[in-house]
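S.K.: Numbering (my numbering), first residue to last: 8 to 308.
Don't be surprised by glycine CBs; every beta carbon is placed ideally from N, CA and C.
Sending over a structure as structure tokens; questions will come in a sec.
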């Protein structure tokens, strides 16, 4: 296979900065194996080792240090040369799937604004709770809330999400405070999210120690935003992610029940499938969307 010299030199320059192939891979949103292979091919092309490697870290060889200055200058000139090609490559469609999230409209508006210099690049925006097969549905980029991502995706973790059992103060004033989970199950109206694969209610939480599922839910929906409306109305108690319940807890409309329950944290991921050749437009939109999501959702810890 012919070596892509521009990409190889770009990988080398980033690796020379980070001195860590895994961090280089993270920056490029590719697998570490691709970085290792590309650097090895560049070394074969040059006939000299660029890095000294051991089990803990890497460092530049004398040749690598001398090559770095020329590589950076050459890469800068090449990027200038290909600016026109970049603009031409920013055409076509990028398909994005995501769950319904707060600020969805704001996120989409910011993304489209950032892409305004590229009028031939079109976004196919698919808010849906179903998990699409990225190949059969031709999905380029996705946002997913899950415990972990499958290894065959390039994924960026955006934030942690805490779920809690919440009830409106109006409902608690009417029915009282549940004593425990059994009392909650037997005496209170509950709502649940529907598992689209089975048509049944998802567990509120499910750990090795304890699990809970609404046996006879008063209300069911395919996404938590509708459950929020029912909970705020005082019609049922349910589990919500923090980005939905926190604003209403702060105003006193909602109250967290059993706050010490060890409910597992979820994570929000931005992902795209591994591909041998990912279109530049997809990589560019992926990078823009990552920055936008981090701005709106990232929390420390």
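Compute the Euclidean distance between the alpha carbons of residue 75 and residue 34, then round it to the nearest angstrom.
M.R.: If you take the alpha carbons of residue 75 and residue 34, they lie about 19 Å apart.
S.K.: Give me the Cα-Cα distance between residue 21 and residue 31, rounded to the nearest whole angstrom.
M.R.: Approximately 6 Å, taken between the alpha carbons.
S.K.: Threshold first: 4 residues or longer. Then list the alpha helix (DSSP H) segments lying entirely within the stretch 231-267, N to C.
M.R.: Those alpha helix (DSSP H) runs which fall completely within the stretch 231-267 and span 4+ residues are 231-239 and 249-258.
S.K.: Apart from the five residues just before and just after residue 176, which ones in its own chain have a Cβ nearer than 8 Å to its Cβ?
M.R.: Same-chain partners within the cutoff: 259, 260, 261 and 262.
S.K.: Starting from residue 273, follow its DSSP beta bridges and name the residues at the other end.
M.R.: In the DSSP output, where bridge partners are listed per residue, residue 273 has 168.
S.K.: Rounding to the nearest angstrom, what Cα-Cα distance links residue 26 and residue 64 in this structure?
M.R.: About 7 Å.
S.K.: Would you decide whether residue 66 is buried or exposed? Buried here means 16 or more other CB atoms lie within 10 Å of its CB.
M.R.: Residue 66 comes out exposed.
S.K.: When you compare only the Cα positions, how much space is there between residue 253 and residue 161?
M.R.: Residue 253 and residue 161: Cα-Cα distance of roughly 30 Å.
S.K.: Measure the C-alpha to C-alpha separation of residue 114 and residue 296 and round it to an integer number of angstroms.
M.R.: Residue 114 and residue 296: Cα-Cα distance of roughly 8 Å.
S.K.: What does the alpha-carbon distance come out to for the pair residue 142 and residue 281?
M.R.: Only weak support exists for where residue 142 lies, its pLDDT of 45 falling under 50; the coordinates are left without a value.
S.K.: Which term fits residue 107, buried or exposed, when burial requires 16 or more other beta carbons within 10 angstroms of its beta carbon?
M.R.: Per the 10 Å Cβ criterion, exposed.
S.K.: Let me check understanding here. Comparing Cα to Cα, which of 243, 11 and 268 lies closest to residue 218?
M.R.: Closest option to residue 218, Cα to Cα, is 268.
S.K.: On the three-pair Cβ rule with 8 Å, is the stretch 170-187 touching the stretch 241-253?
M.R.: Result yes; three or more Cβ-Cβ pairs closer than 8 Å.
S.K.: On a CA-only basis, which of 78, 28 and 45 is nearest residue 60? Give me that one, please.
M.R.: Of the listed residues, the one whose Cα sits closest to residue 60 is 28.
S.K.: Within the stretch 175-208, note down every full beta strand (DSSP E) run reaching 3 residues or more, in order along the chain.
M.R.: With a minimum length of 3 residues, the continuous beta strand (DSSP E) runs that stay inside the stretch 175-208 are 198-200.
S.K.: Determine the direct distance from the alpha carbon of residue 170 to that of residue 270, and round the result to whole angstroms.
M.R.: Distance between the alpha carbons of residue 270 and residue 170: 7 Å.
S.K.: Specify the secondary structure class of residue 106 as computed by DSSP and reduced to three states.
M.R.: Looking at residue 106 - three-state DSSP - the assignment turns out to be coil, as it is neither helix nor strand.
S.K.: In terms of alpha-carbon separation, which member of 146, 237 and 304 lies closest to residue 104?
M.R.: Selected option, being the one with the closest Cα: 146.
S.K.: State the DSSP-derived secondary structure class of residue 284, mapped to helix, strand or coil.
M.R.: Correct three-state label for residue 284: coil.
S.K.: Report the three-state DSSP secondary structure of residue 131 (helix, strand or coil).
M.R.: Residue state, collapsed to three classes: strand.
S.K.: How about residue 225 and residue 196: are their beta carbons less than 8 Å apart?
M.R.: Contact flag set, yes.
S.K.: Report yes if the CB atom of residue 216 is closer than 8 Å to the CB atom of residue 209, and no otherwise.
M.R.: Contact: no.
S.K.: Since residue 173 sits in a beta bridge, which residues does DSSP pair it with?
M.R.: Beta-bridge pairing links residue 173 to 245 and 263.
S.K.: Out of curiosity, what's the CA-to-CA distance linking residue 255 and residue 150?
M.R.: If you take the alpha carbons of residue 255 and residue 150, they lie about 25 Å apart.
S.K.: Residues in its own chain within less than 7 Å of residue 289 by CB, not counting five upstream and five downstream?
M.R.: Excluding positions up to five away in sequence, the list reads 101, 147, 148 and 279.
S.K.: Hey, how far is the Cα of residue 133 from the Cα of residue 73?
M.R.: Taking the straight line joining both Cα atoms gives about 49 Å.
S.K.: Rounded to whole angstroms, what is the Cα-Cα separation between residue 235 and residue 18?
M.R.: Distance between the alpha carbons of residue 235 and residue 18: 46 Å.
S.K.: Kindly indicate which residue of 229, 16 and 158 has the alpha-carbon position closest to the one of residue 45.
M.R.: Looking at the Cα atoms, 16 is the closest of the given residues.
S.K.: Can you tell me the Cβ-Cβ gap for residue 163 and residue 57, rounded? I've got them flagged as a contact below 8 Å.
M.R.: Rounded, the Cβ-Cβ distance is 27 Å, inconsistent with contact.
S.K.: Is residue 156 helix, strand or coil when you go by DSSP?
M.R.: The answer is coil: DSSP assigns residue 156 none of H, G, I, E or B.
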